[in-house]
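In the working numbering, the protein residues as written are 854 to 1038.
C-beta atoms are modelled at their ideal positions from N, C-alpha and C, and glycine is treated no differently.
These numbers come from a predicted model, not from an experiment.
Quick notes on the structure that follows.
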Amino acid sequence: MDPRTRQAFALWTQAQPAVSAFVFALVGDRAVRDEVLQDVALAVLEGFDDSKGSGGSKGSGGYDASRPFLPWALGIARNEVANARRRRGRFPTQLSDGAEHALVAAVAEVSEDERARLSHLAECLRRLDGRPREICDLRYRTDLSPARIASALGMQPNTVSKALQRVRDELRACIEERLAAEGAR
């Protein structure tokens, strides 16, 4: 697989849950959503490879790497929903154009915020060390209950639960601190 196709797949994999939710909000039917999502994925991959920016075969417009991927993919999804409407008629959920635009903006904004939070969480997790890191790994990476962690580490279950709460509080504070610093730039 060439690097450009690999990049397209990576970006699509990140965007797909948000695009799926957006399409479902517009069509209101899971089977139709799945069908439209396949068309969107194909158009995204075709448009991603279009170096001239004239778009894939579905008229999606080529992807400009200097711009965020998700809003571009949501625009393609909106076009594919319109194509499906022409083929099938109205869907149970029919939003006005203004509401669709607002939904695109909201989904893109939430997804960008979520990506920022996840990125900050990863960095904050890297800063954990010692027993807090070990307890966090056992709970969230290996999915052990506090009671099983306590047994494995020779601790009381209540002590493990309190330690997990402190770790969560520390991670939340770290993420909020990073988001605030990012917003101050």
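Using a 10 Å radius around the Cβ and a threshold of 16 neighbouring Cβ atoms, would you call residue 1029 buried or exposed?
So residue 1029 ends up on the exposed side.
If you follow the alpha helix (DSSP H) that residue 869 is part of, which residue opens it and which one closes it?
Residue range 856-880 is occupied by the alpha helix (DSSP H) that includes residue 869.
With DSSP run on the structure shown, which of helix, strand or coil describes residue 916?
Three-state DSSP puts residue 916 in coil, outside helix and strand.
From what residue to what residue does the alpha helix (DSSP H) around residue 1004 run?
Run containing residue 1004: 999-1006, per the alpha helix (DSSP H) assignment.
Contact under 7 Å by Cβ, residue 923 with residue 961:
For the 7 Å CB-CB criterion, residue 923 and residue 961 form a contact.
Cβ contact check for the region 877-895 and the region 974-987: 3 or more pairs under 8 Å
Contact between the region 877-895 and the region 974-987 is absent, because fewer than three Cβ pairs lie under 8 Å.
Where residue 891 falls: helix, strand or coil (DSSP):
In the structure shown, residue 891 sits in a helix (DSSP, three-state: H, G or I).
With hydrogens ignored, establish whether the beta-carbon of residue 975 is closer than 6 Å to any heavy atom of the ligand SAH.
With respect to the ligand SAH, the structure shown offers nothing to examine, as it has no ligands at all.
Quick one: residues in its chain with C-beta nearer than 7 Å to the C-beta of residue 967, no 5 flanking neighbours on either side, listed in chain order?
Short of 7 Å from the beta carbon of residue 967, and not among the five residues preceding or following it, lies no beta carbon of its own chain.
For the pair the region 873-883 and the region 928-937, tell me if three or more CB-CB distances fall below 8 Å.
The answer is yes - the region 928-937 touches the region 873-883, with three or more Cβ pairs under 8 Å.
Check whether residue 1020 and residue 1002 have beta carbons under 7 Å apart
No, the Cβ-Cβ distance between residue 1020 and residue 1002 is not below 7 Å.
If the criterion is Cβ atoms closer than 7 Å, does the pair residue 868 and residue 926 meet it?
Yes, these two residues count as a Cβ contact at 7 Å.
Taking buried to mean at least 16 other C-beta atoms within 10 Å of its own C-beta, is residue 999 buried or exposed?
So residue 999 ends up on the buried side.
Hey, how far is the Cα of residue 921 from the Cα of residue 984?
Approximately 39 Å, taken between the alpha carbons.
Should residue 857 be labelled buried (16 or more other beta-carbon atoms within 10 Å of its own) or exposed?
Taking all protein chains in view, the Cβ of residue 857 is surrounded by fewer than 16 other Cβ atoms within 10 Å, so the residue is classified as exposed.
So, with DSSP's three-state summary, where would you put residue 907?
Summary for residue 907: the model assigns pLDDT 40, below 50, so the residue's position carries little reliability; its value from the coordinates is reported in the next sentence. Taken through DSSP and simplified to helix, strand or coil, residue 907 comes out as coil.
Restricting to Cα atoms, I'd like to know which of 995, 1027, 874 is closest to residue 981.
Check the Cα spacing between residue 981 and each of 995, 1027, 874: the tightest is with 1027.
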